[in-house]
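Here's the structure, in structure tokens; my notes come after.
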């Protein structure tokens, strides 16, 4: 089958929305970005086990649209949606969204959400489609920045001395590898206590990241009494060939003392040593946290990025079935 244009004399039936299996991968691979084709390539059992959702739209026997989705705790992210150019304007995207919403509601998800770049082609059209489907008004939630690891020194020439000074004032930085199994268990126990007490924000929960994080580079920030004061997660994304920092957080009273800067100093030092100066590193911290990672990274390293854009986000809350 192909996504070639349908002749005007051919009757266009409503699309059939069906799960996409690995056997269908070749027919749908042109309907998502190359960097996301690994979701299509996943074996069917692994896809289901990992919580992926792969929906295809068929029209008159042809693949006409594709929706890919990944889990995000109790929510589900709309990772990619594309309709074949010859089939646009026929409601296929809306049909994919409706079926996706229904399936996630039945699966017990609390919400579905999408996050996309300010540089996304046809961004305005995508926003209108979400709005028509009852999603929230898009808002800018994150600034995404990409660097070469070696370029961080351009904005942080005194990195090593800054880290030494902070350590002399009580900051203790340990990687997950240095903590060992018992130390990681204690870190998670302390992080749960911080979350339960409202001292750590819900989005900072490291539980889901520890299994996929690089334990050499993910660092925990402690005071000299061994109390967890923050953490920074770093994970390699092989499908993109880059390192990702999804979380960076410290307790409020340590922000003014420069502990966020100390954490990123240690992480960048370790990353450059482990992966070399040409390693790519990306961060997309929330943009609405006073004194948070986004402000710190942009202030110190914003002039040295190789790419920067903003991320819009929209969601649809899912009620009872």
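Numbering (the working numbering), first residue to last: 25 to 345.
Each residue gets a CB set at the ideal place from its N, CA and C atoms; glycine is no exception.
Please read these numbers as outputs of a predicted model, since none were measured by experiment.
Which partner residues does residue 137 have in the DSSP bridge list? In the chain shown, counting from the first residue as 1, residue 137 sits at position 113. Its beta-bridge partners are 101, 339.
Are residue 59 and residue 101 closer than 9 Å when you measure CB to CB? Along the chain shown, one-based indexing puts residue 59 at 35. Along the chain shown, one-based indexing puts residue 101 at 77. It is not a contact, given that the beta carbons lie outside the stated cut-off.
Among the residues of its own chain, which have a CB less than 7 Å from the CB of residue 264, if the five just before and after it don't count? Mapped onto the chain shown, residue 264 falls at position 240. For residue 264, where only same-chain residues beyond five positions count, the Cβ hits under 7 Å are 59.
Tell me the rounded alpha-carbon separation between residue 162 and residue 188. Stepping through the chain shown from its first residue, residue 162 is reached at position 138. Stepping through the chain shown from its first residue, residue 188 is reached at position 164. For the pair residue 162 and residue 188, the Cα-to-Cα distance works out to about 42 Å.
Between residue 127 and residue 338, what straight-line distance do the alpha-carbon atoms span, to the nearest angstrom? Residue numbering aside, residue 127 sits at position 103 when the chain shown is read from its first letter. Residue numbering aside, residue 338 sits at position 314 when the chain shown is read from its first letter. The straight-line gap from Cα to Cα measures roughly 18 Å.
Where do the N-terminal and C-terminal ends of the beta strand (DSSP E) with residue 260 fall, by residue? Stepping through the chain shown from its first residue, residue 260 is reached at position 236. The continuous beta strand (DSSP E) containing residue 260 extends over residues 252 to 261.
Exposed or buried, which one is residue 287 when buried takes at least 16 other CB atoms within 10 Å? Here residue 287 is taken as the residue at index 263 of the chain shown, counted from 1. Buried: at least 16 other Cβ atoms inside 10 Å.
DSSP state of residue 326, grouped into three classes? Here residue 326 is taken as the residue at index 302 of the chain shown, counted from 1. DSSP places residue 326 in helix when its eight states are reduced to three.
Please give me, in chain order, every unbroken run of the alpha helix (DSSP H) with length at least 4 that falls completely inside the segment 189 to 268. Runs of the alpha helix (DSSP H) lying entirely within the segment 189 to 268, each at least 4 residues long, are 200 to 220, 231 to 234 in chain order.
Locate the alpha helix (DSSP H) running through residue 171, then write down its first and last residues. Residue numbering aside, residue 171 sits at position 147 when the chain shown is read from its first letter. Counting along the chain, residue 171 falls outside any alpha helix (DSSP H), though it belongs to the beta strand (DSSP E) covering 163 to 172.
Tell me which residue opens and which closes the beta strand (DSSP E) that residue 46 is part of. In the chain shown, the residue the question calls residue 46 occupies position 22. According to the DSSP assignment, residue 46 belongs to no beta strand (DSSP E), since it is labelled neither H nor E.
Look up residue 274 in the DSSP assignment and say whether it is helix, strand or coil. Position 250 of the chain shown, counting from 1, holds the residue named residue 274. When DSSP states are grouped into helix, strand and coil, residue 274 belongs to the strand group.
Same chain, Cβ closer than 7 Å to residue 316, neighbours up to 5 away in sequence not counted: What you label residue 316 is simply residue 292 of the chain shown in a count that begins at 1. Cβ within range, chain order: 309, 310.
Cross-strand partners of residue 128 (DSSP beta bridge): The count along the chain shown starts at 1 and reaches residue 128 at position 104. Residue 128 is not bridged to any residue.
Is the distance from the Cβ of residue 22 to the Cβ of residue 247 below 9 Å? Examination of residue 22 is not possible in this model, given that the chain is present from 25 through 345 alone.
According to the Cβ coordinates, are residue 253 and residue 245 closer than 9 Å? In the chain shown, residue 253 corresponds to position 229, counting from 1. In the chain shown, residue 245 corresponds to position 221, counting from 1. Yes, they are a contact pair.
Test item: CB-CB of residue 164 and residue 224 under 9 Å: In the chain shown, residue 164 corresponds to position 140, counting from 1. In the chain shown, residue 224 corresponds to position 200, counting from 1. For the pair residue 164 and residue 224, the CB atoms are not nearer than the 9 Å cut-off.
Give the single residue among 50, 77, 42 whose Cα lies nearest to the Cα of residue 92. Walking along the chain shown from the start, residue 92 turns up at place 68. In terms of Cα proximity to residue 92, the closest of 50, 77, 42 is 77.
Which term fits residue 291, buried or exposed, when burial requires 16 or more other beta carbons within 10 angstroms of its beta carbon? Within the chain shown, residue 291 is the residue found at index 267, counting from 1. Buried.
Pop quiz: residue 171 and residue 325 are said to be a contact at Cβ under 8 Å. What is the actual Cβ separation, rounded to whole angstroms? Here the question's residue 171 lines up with position 147 in the chain shown. Here the question's residue 325 lines up with position 301 in the chain shown. A Cβ-Cβ distance of about 6 Å is found for the pair residue 171 and residue 325, placing them in contact under the 8 Å criterion.
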